[in-house]
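Residue numbers (my numbering): 53 to 342.
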């Protein structure tokens, strides 16, 4: 009897221990705990720590709480000018509402990635189909990502998913027409550069012509002012000279000086001897002053 009681006690203790352990729910920082009762979600534990459930009646499912990365398959997209491009991208997403996620996608990450694949691809196709190939190749990744996210909007809310980021790893041309497109783009850029150069040369020539004209006008005005000043100076000189020799004594001296100057100017070459006849006007001045 004692042995039976001992065994019964051990069984009761083990049952109590198992029951107690099965009622404990441990939730990590990077996960949600979904408490199910008879297959339906009773409640969600989002905070890390220990909680409890009804043993044998309630069960626990785990869902990731951290940010997840999904590498989208490379796909062909067509631009607004009917050019084919290859888009290789990835997204960052997370489970925002674990209860909706479990109800709509059966708590499956694989199901979620399949839904994301369809929605993101359709949005990418729609955005790029309204963008020219030149704009896509020009590298407007930030604008493209923002446009794709805006196009998706809140359509993923129904699945309890939050799309955090769309990033393009490669948005390139198919190999068979890549070289031709690049050559065309280079030619277009060369034409634009030539147009800018021609416009710049034309503007420079206009500026040079205007400057030359202004310089010519300024020099002409300066020459005119200089001629006026010289003329006024000569007039003033003649006035002063006229006033200086206004009386007879000064006039005789002035005539004498002028005669010397005339005599000096007549002495050219190496011969410095001058012979004057008595009736010469110059000789008369010298004779008159003796």
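Just so it is clear, CB atoms sit at the ideal spot from N, CA and C, and this is done for glycine as well.
Fill in: Three CB pairs or more closer than 8 angstroms across the stretch 82–96 and the stretch 106–117
yes
Worksheet item: If you draw a straight line from the C-alpha of residue 273 to the C-alpha of residue 266, how long is it?
Response: 11 angstroms
Worksheet item: Closest by CA to residue 107, which one among 120, 135, 130, 76?
Response: Closest by alpha carbon: 76.
Worksheet item: Where do the N-terminal and C-terminal ends of the beta strand (DSSP E) with residue 173 fall, by residue?
Response: Residue 173 -> not in any beta strand (DSSP E); alpha helix (DSSP H) instead, spanning 161–180.
Worksheet item: Quick one: is residue 170 buried, meaning 16 or more other Cβ sit within 10 Å of its Cβ, or exposed?
Response: When all chains shown are included, residue 170 counts as exposed.
Discussion item. Within a Cβ cutoff of 6 angstroms, which residues of the same chain sit near residue 135, ignoring the five residues on either side of it in sequence?
Written reply: Closer than 6 angstroms at Cβ, skipping near neighbours: 185.
Worksheet item: Helix, strand or coil: how does DSSP classify residue 190 here?
Response: Of the three classes helix, strand and coil, the one that applies to residue 190 here is coil, per DSSP.
Worksheet item: Are there three or more Cβ pairs, one per stretch, closer than 8 angstroms when the stretch 236–253 is compared with the stretch 205–223?
Response: no
Worksheet item: Using the C-alpha atoms, what's the distance from residue 223 back to residue 260?
Response: 48 angstroms
Discussion item. I'd like to know whether the C-beta atoms of residue 345 and residue 93 end up nearer to each other than 8 angstroms.
Written reply: Given that the chain is displayed from residue 53 to residue 342, the structure contains no residue 345 and the question cannot be resolved.
Worksheet item: Just how far apart, CA to CA, sit residue 116 and residue 101?
Response: Computed Cα separation, rounded: 15 angstroms.
Discussion item. Tell me which residues share the same chain as residue 96 and place their Cβ nearer than 8 angstroms to its Cβ, disregarding the 5 neighbours each side in the sequence.
Written reply: 84, 85, 86, 87, 150, 151
Practice prompt. Tell me where the alpha helix (DSSP H) around residue 150 begins and ends.
Written response: 150–157
Fill in: Beta-carbon proximity of residue 196 to residue 179, cut-off 8 angstroms
Contact flag set, yes.
Fill in: Spatial distance of residue 127 from residue 258 (CA atoms)
Each residue's alpha carbon lies about 54 angstroms from the other.
Practice prompt. Take residue 123 as the anchor and find which of 81, 168, 311, 133 has the nearest alpha-carbon.
Written response: Measuring from the Cα of residue 123, the nearest candidate turns out to be 168.
Worksheet item: If we ignore side chains and look at the alpha-carbon of each, how far apart do residue 276 and residue 294 end up?
Response: 27 angstroms
Worksheet entry | Nearest residue (CA-CA) to residue 221, options 142, 174, 244, 164 | Among 142, 174, 244, 164, the Cα nearest to that of residue 221 belongs to 142.
Worksheet item: In three-state terms, what does DSSP make of residue 100?
Response: DSSP, reduced to helix, strand and coil, places residue 100 outside both helices and strands of the structure shown, so it counts as coil.
Discussion item. Per DSSP, what are the beta-bridge partners of residue 90 in this structure?
Written reply: For residue 90, which the question treats as bridged, DSSP gives no partner whatsoever.
Practice prompt. Just the C-alpha distance for residue 157 and residue 207, rounded to the nearest angstrom, thanks.
Written response: 14 angstroms
Item to complete: Would you kindly work out how many angstroms separate the C-alpha atoms of residue 129 and residue 189, rounded to a whole number?
Response: Approximately 13 angstroms between the Cα atoms of the pair.
Discussion item. Do residue 181 and residue 132 count as a contact pair if the criterion is CB distance below 8 angstroms?
Written reply: At the C-beta level, residue 132 and residue 181 come within 8 angstroms of one another.
Fill in: Sequence-distant residues of its chain with Cβ nearer than 8 angstroms to residue 163 (five each side left out)
157
Discussion item. Based on DSSP bridge pairs, tell me the residues matched to residue 114.
Written reply: 85
Worksheet item: Should residue 159 be labelled buried (16 or more other beta-carbon atoms within 10 Å of its own) or exposed?
Response: buried
Discussion item. In the DSSP assignment, the beta strand (DSSP E) including residue 144 goes from what residue to what residue?
Written reply: Its beta strand (DSSP E) spans residues 136–147.
Discussion item. Starting from residue 79, trace the beta strand (DSSP E) in both directions and tell me its first and last residue.
Written reply: 76–79
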